[in-house]
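K.L.:
Before I ask anything, here is the structure I am working with.
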Amino acid sequence: MSPEDPPAGTCLYRQESDMLQRFFTRPLFLSLTIGIPFCIFKLLFGISLIRAGPGMSVPVSAFGYTVTVWALTDLMMNLGRELFDILNRPAPCEYCTIAQAGRFFHMPMVFLAIDTLLTFIIICTMLWSGWIATLTTSEKYLWYAATTLNLISLSLVVLYSEIRTLH
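Throughout, my numbering is defined as the position within the sequence shown, counted from one, plus 2.
Structure below.
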């Protein structure tokens, strides 16, 4: 063994590390842990707007229907990304409609970041408006599942990245 050789077990660690890295960046993982939870947040926000609309104004209800269609469209796009990933084929679309529009400008990731910002605004609006309390029991469990999946996966990726930098 020469001094330039990596320590025993390093190659195996790198292989396992690369495998985990590939998993965390696969469209299947990203869609399940980010895309679909974001669609759920948007969908429940749209439903909440529709419910609040009659007591507020027609534009609120109309906006609610628009957000609901947006959420369902994004959900179909995420499911499509998962399917293409499982089939090991390149996806013909982005994760969401806003990122798809970003393809036109050759910057889908910038537009995906805008979608992320809008989703965080939706989450904050649901919390601060008190509308989260108006969700049905089923909708609350859907919200809890989306939140849990999104936050736990984020924590796992950050933990993995930190452990990886130690080696």
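Think of the CB as a built atom: it goes at the ideal place given N, C-alpha and C, for glycine as much as any other residue.
Tell me which same chain residues have a C-beta within less than 8 Å of the C-beta of Arg28, skipping the five on either side of it?
P.N.:
Asp87
K.L.:
Could you tell me whether the region 23 to 40 touches the region 67 to 80, using the rule of 3 or more Cβ pairs below 8 Å?
P.N.:
yes
K.L.:
Which residue's Cα is closest to the Cα of Gly132: Glu164, Arg24, Ser50?
P.N.:
Ser50
K.L.:
State the CB to CB distance for the pair Lys44 and Thr121, rounded to an integer number of angstroms; the pair is presumed to be in contact (CB under 8 Å).
P.N.:
Right, their Cβ atoms sit about 6 Å apart.
K.L.:
Following the continuous alpha helix (DSSP H) through Arg53, name the residue where it begins and the one where it ends.
P.N.:
38 to 58
K.L.:
Taking the C-alpha atoms as reference points, what is the distance between Arg166 and Cys98?
P.N.:
30 Å
K.L.:
With the cut-off set at 7 Å, would you say Arg83 and Ala73 are in Cβ contact?
P.N.:
no
K.L.:
Nearest to Leu151 by alpha carbon, out of Phe31, Phe25, Met111, Ile123?
P.N.:
Phe31
K.L.:
Can you give the Cα-Cα distance for Thr70 and Phe25, rounded to whole angstroms?
P.N.:
Those two C-alpha atoms are separated by around 30 Å.
K.L.:
Excluding the 5 residues preceding and the 5 following Pro110 in the sequence, name in chain order all residues of the same chain whose CB lies nearer than 6 Å to its CB.
P.N.:
Glu96, Ala101, Gly104
K.L.:
Can you name the start and end residues of the alpha helix (DSSP H) that Ser33 belongs to?
P.N.:
No alpha helix (DSSP H) holds Ser33; DSSP gives it neither H nor E.
K.L.:
So, with DSSP's three-state summary, where would you put Thr68?
P.N.:
helix
K.L.:
For Met128, is the classification buried or exposed, using 16 other Cβ atoms within 10 angstroms of its Cβ as the cut-off for buried?
P.N.:
buried
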